[in-house]
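First comes the structure, then the notes that go with it.
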Amino acid sequence: MSAAQPNQNAIHGQAAATADAVIVGAGFAGLYMLHRLRGLGLTVRVFEAADGVGGTWYWNRYPGARCDVESMQYSYSFSEALQQEWQWSERFAGQPEILRYANHVADRFDLRRDIRFETRVTAARFDEASGRWLVETDRGDRVSAQYCIMATGCLSAARMPEIPGIESFAGGIYHTGHWPHAGVDFTGQRVAVIGTGSSAIQAIPVIAAQAAHLHVFQRTPNFSIPSRNQPMDAAYEALWKTDYAARRRQAREMRTGILYPLNEQSALEVSPEERQREYEGRWETGGTAFMAAFKDLATSQAANDTAADFVRGKIRAQLRDPAVAEALQPRNHPIGTKRICVDTDYYATFNRDNVTLVDVRRSPIQAITPTGLRTRDSAHEFDSLVFATGFDAMTGALTRIDLRGRAGRSLAGKWAEGPRSYLGLMTAGFPNLFMITGPGSPSVLSNMIVSIEQHVDWITDCIRHLRARGLACIEATAEAEDAWVAHGNEVAERTLYPAANSWYMGANIPGKPRVFMPYIGGVGVYRQICSDIAGKGYEGFRLTAPDAIADVAAE
Ligand code: FAD
Ligand code: N01
924 MSAAQPNQNA
934 IHGQAAATAD
944 AVIVGAGFAG
954 LYMLHRLRGL
964 GLTVRVFEAA
974 DGVGGTWYWN
984 RYPGARCDVE
994 SMQYSYSFSE
1004 ALQQEWQWSE
1014 RFAGQPEILR
1024 YANHVADRFD
1034 LRRDIRFETR
1044 VTAARFDEAS
1054 GRWLVETDRG
1064 DRVSAQYCIM
1074 ATGCLSAARM
1084 PEIPGIESFA
1094 GGIYHTGHWP
1104 HAGVDFTGQR
1114 VAVIGTGSSA
1124 IQAIPVIAAQ
1134 AAHLHVFQRT
1144 PNFSIPSRNQ
1154 PMDAAYEALW
1164 KTDYAARRRQ
1174 AREMRTGILY
1184 PLNEQSALEV
1194 SPEERQREYE
1204 GRWETGGTAF
1214 MAAFKDLATS
1224 QAANDTAADF
1234 VRGKIRAQLR
1244 DPAVAEALQP
1254 RNHPIGTKRI
1264 CVDTDYYATF
1274 NRDNVTLVDV
1284 RRSPIQAITP
1294 TGLRTRDSAH
1304 EFDSLVFATG
1314 FDAMTGALTR
1324 IDLRGRAGRS
1334 LAGKWAEGPR
1344 SYLGLMTAGF
1354 PNLFMITGPG
1364 SPSVLSNMIV
1374 SIEQHVDWIT
1384 DCIRHLRARG
1394 LACIEATAEA
1404 EDAWVAHGNE
1414 VAERTLYPAA
1424 NSWYMGANIP
1434 GKPRVFMPYI
1444 GGVGVYRQIC
1454 SDIAGKGYEG
1464 FRLTAPDAIA
1474 DVAAE
């Protein structure tokens, strides 16, 4: 724990005083939510499992961890002073710098005093008689609060696959999403990485440069675009800062919440030469804006194929060994339908003599052994094993808490067939329980800080509305929720996304229902829907006076 992060757990074990609101999580969502609710004059208690703020950027300290939304955009916009004074050192910030930023925000807005660190919320139960949530933690806290706000993150429930023999491995075992704070020195070691998603693609080049030998166990190759990261250009920073508010406004209206050039043409309406030029230009610029090369890459298989072919060609061109080049080219999903990756020297890393790619789709992993790993066809020995195997995304952090709404009904039970929500903000039967970037909202398909700010602002306005009118409760109606889920599915079905076995679809977790979880209608469109609903007196929500809370249950 750093000097900037005093241990504030002195009163653990005692029943805490009641609060107006409990917030679970102190990543970017929880921090901003706390700031806004304080602004309303509410008493707030935040619980955070980690011993510091930052969420994703606290936990994911693996080598190479970096943002792929430009620093000038992956930052809060709520404070003009903050966005003017903070200076990013690179085009795409690395994890240590983003964590420093989160700590700076916590200090600048004096947020730590309301955050209980190293405390995991284990349960929260709605009491219909009092209309309050009783929140419990693994440290014995019990807090009664009117509002309960889940800022638990979409990608915070790290997932270890169930491979027999894991516990027998004698060397070091790591997960990218729980990386040791002291770092790991792989010098001279034989290292294995399981997984080739975004985290692995960032970590592999850095680990390969340090380790004696690296084995990469790949089940599904991914499409990755070079980041072309570089030191922050002073003129570029100034360009943003002279015009920050207007640029932020524009970004909020974009489909992804990221301001970058969109091409409104179809990939199929231009000549092959023009298409090639567009892709080459975006490849040279680097980053996720590649996917905005044409308007129909997410909706037309034929259009998508042109982009996928282009990237496959680039992969081939970077590799010396044709067999490795073949194995690294994705062929089982349209480009972008699994989260597009962004890398620095990922493909070239497989030209190194000390890197071996093992295709575990052809020859599946059978067991971890004390000295390594056995696939169907071969055995491999190593000193350290890195799991870059991802997360129980979008729902995992929520369903790991014993959340119970009206009539003691559990959220995990309600969501057994897939998450259901109204706007990704609330779920029927759980009054006054808000989710920041919950399933059913654009969340992971966007610059998440843009989506976080929009949700936090909406929730703040909503609570202000309730209090100004002496109302005790807000909850989504079942009808509004059904309609929103149907709309979300219908919009998703118009795209190629459901075709992929992605974590967006829950496909990475055995037994998880196959449902497209984020809302893909676009950040700007979604924002407008949320504002309109609030403007119509919170259409689709039931707002109740203090003496009417329990009556709803009887309906
Ligand atoms: P988190 O940062 O996940 O914070 C949630 C917090 O809640 C965590 O600190 C967790 O410990 C805490 N918590 C959860 N459950 C409990 C509980 N029961 N009790 C107490 N505390 C709890 N997004 C982008 O937009 N652009 C990017 O480039 C990008 N890069 C990413 C890179 C990585 C490696 C990962 C994993 C994610 C990335 N994301 C990116 C998504 C990223 O998660 C969000 O941008 C953002 O940081 C989410 O903030 P949050 O506060 O909503 O959630
Ligand atoms: O996780 P993932 P991640 N045996 O789920 C493989 C964000 N992020 O941590 O595809 C063998 O994407 C699995 O294989 P398969 C971003 O939103 C952003 O990398 O299931 N392999 C896959 O290859 C991202 O999408 C950045 O066949 C197994 C990998 O493990 C999200 O976080 C950086 C396996 C998991 O990939 C999650 O990324 C990092 C098994 N049993 C993260 N189980 C940026 O750059 C799983 N795999 C912005």
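In the numbering used here, each residue's number is its place in the sequence shown (first place is 1) plus 923. By construction, the Cβ of each residue, glycine as well, lies at the ideal position given by its N, Cα and C atoms.
Enumerate in chain order the residues of its own chain whose CB-to-CB distance from Ala1484 is below 7 Å, with the five nearest sequence positions on each side excluded.
This structure gives no information on residue 1484, because the portion of the chain shown stretches from 924 to 1478.
Coil, strand or helix - Val1220 by DSSP:
Here residue 1220 refers to the residue found at position 297 when the sequence shown is read from its first residue. Reading the sequence as shown, one finds Leu at residue 1220 and not Val. Note: Leu1220 maps to coil in three-state DSSP.
Just confirm the distance between the C-beta atoms of Glu1119 and Thr1143, as a whole number of angstroms; I'd bet it's less than 8 Å.
Reading the sequence shown from its first residue, position 196 is the one you call residue 1119. Reading the sequence shown from its first residue, position 220 is the one you call residue 1143. According to the sequence displayed, residue 1119 carries Thr and not Glu. 7 Å between Cβ atoms; contact.
Just the C-alpha distance for Gly1054 and Pro1354, rounded to the nearest angstrom, thanks.
Start at 1 with the first residue of the sequence shown, and residue 1054 comes out as number 131. Start at 1 with the first residue of the sequence shown, and residue 1354 comes out as number 431. Approximately 8 Å between the Cα atoms of the pair.
C-alpha distance - Ala1409 paired with Trp982, whole-angstrom precision
In the sequence shown, residue 1409 corresponds to position 486, counting from 1. In the sequence shown, residue 982 corresponds to position 59, counting from 1. Their backbone Cα atoms lie some 35 Å apart in a straight line.
Skipping 5 residues on each side, what residues in its chain have a beta carbon closer than 6 Å to that of Gly953?
Position 30 of the sequence shown, counting from 1, holds the residue named residue 953. Closer than 6 Å at Cβ, skipping near neighbours: Ile946, Val969 and Ala1074.
My output table needs one value for Leu1394: the three-state DSSP class, helix, strand or coil.
As a position in the sequence shown, residue 1394 is number 471, starting the count at 1. If DSSP states are grouped into helix, strand and coil, Leu1394 belongs with coil.
Measure the alpha-carbon distance for Pro1128 versus Ala1174 and round it to whole angstroms.
Indexing the sequence shown from 1 puts residue 1128 at position 205. Indexing the sequence shown from 1 puts residue 1174 at position 251. The alpha-carbon atoms of Pro1128 and Ala1174 are separated by roughly 32 Å.
Is Asn930 helix, strand or coil by DSSP?
Your numbering for residue 930 matches position 7 in the sequence shown. Per-residue confidence for Asn930 stands at a pLDDT of 35, beneath the threshold of 50, marking its modelled position as unreliable; no derived number is given.
Spatial distance of Lys1337 from Gly1331 (CA atoms)
Start at 1 with the first residue of the sequence shown, and residue 1337 comes out as number 414. Start at 1 with the first residue of the sequence shown, and residue 1331 comes out as number 408. If I take the Cα positions, the gap works out to 11 Å.
Looking at the structure shown, is Arg1239 part of a helix, part of a strand, or coil, going by DSSP?
Stepping through the sequence shown from its first residue, residue 1239 is reached at position 316. Of the three classes helix, strand and coil, the one that applies to Arg1239 here is helix, per DSSP.
Would you check if there are 3 or more beta carbon pairs closer than 8 Å linking the stretch 1012 to 1023 to the stretch 983 to 995?
yes
Over the uninterrupted beta strand (DSSP E) stretch that includes Ile1068, give me the two end residues.
As a first step, residue 1068 is located in the sequence shown; it is residue number 145 there, counting from the start. Going by the sequence as given, residue 1068 is Ala instead of Ile. Segment Arg1065 to Met1073, the beta strand (DSSP E) holding Ala1068.
Tell me Val1044's beta-bridge partners as DSSP assigns them.
Locating residue 1044 in the sequence shown gives position 121, counting from the first residue. In the DSSP output, where bridge partners are listed per residue, Val1044 has Thr1060.
Three-state secondary structure (DSSP) at Cys1453?
Taking the sequence shown and counting its residues from 1, the one referred to as residue 1453 is at position 530. Of the three classes helix, strand and coil, the one that applies to Cys1453 here is helix, per DSSP.
Beta-carbon contacts of Asp1325 that lie in its chain and below 6 Å, excluding the five residues immediately before and after
Taking the sequence shown and counting its residues from 1, one reaches residue 1325 at position 402. Correct list, in chain order: Ala1046.
Taking C-beta to C-beta, are Ser1147 and Asp1266 nearer than 8 Å?
Translated into positions along the sequence shown, residue 1147 becomes position 224. Translated into positions along the sequence shown, residue 1266 becomes position 343. For Ser1147 and Asp1266, yes; Cβs fall inside 8 Å.
For Ser1364 and Gly1341, I'd like the C-alpha separation in whole angstroms.
To locate residue 1364, count along the sequence shown from 1; it is residue 441. To locate residue 1341, count along the sequence shown from 1; it is residue 418. Looking at the two C-alpha atoms, the distance is approximately 14 Å.
Quick one: is Asn1370 buried, meaning 16 or more other Cβ sit within 10 Å of its Cβ, or exposed?
For the purposes of this step, residue 1370 is identified with residue 447 of the sequence shown, where counting begins at 1. It counts as buried.
Have a look at the DSSP bridge pairing and note the partners of Asp1050.
Here residue 1050 refers to the residue found at position 127 of the sequence shown. Answer by DSSP bridge pairing, in chain order: Arg1055.
Using 8 Å as the cut-off, can you tell me whether the stretch 1294 to 1311 makes contact with the stretch 1104 to 1121, which would need three or more C-beta pairs spanning the two stretches below that distance?
yes
Beta bridge counterpart(s) of Ala944 as assigned by DSSP
The residue you call residue 944 lines up with position 21 of the sequence shown. DSSP, once it has assigned bridges, lists Val967 and Tyr1070 as partnering Ala944.
Look at the alpha carbon of Ile1288 and the alpha carbon of Asp1384, and state the distance between them as a whole number of angstroms.
Start at 1 with the first residue of the sequence shown, and residue 1288 comes out as number 365. Start at 1 with the first residue of the sequence shown, and residue 1384 comes out as number 461. Cα to Cα, Ile1288 sits roughly 51 Å from Asp1384.
For Asn1277, which residues of its own chain have a beta-carbon under 8 Å away from its beta-carbon, when the five flanking residues on both sides are left out?
Within the sequence shown, numbered from 1, the residue matching residue 1277 stands at position 354. Only Ala1131, Ala1134, Ala1135, His1136 and Leu1137 meet the Cβ criterion.
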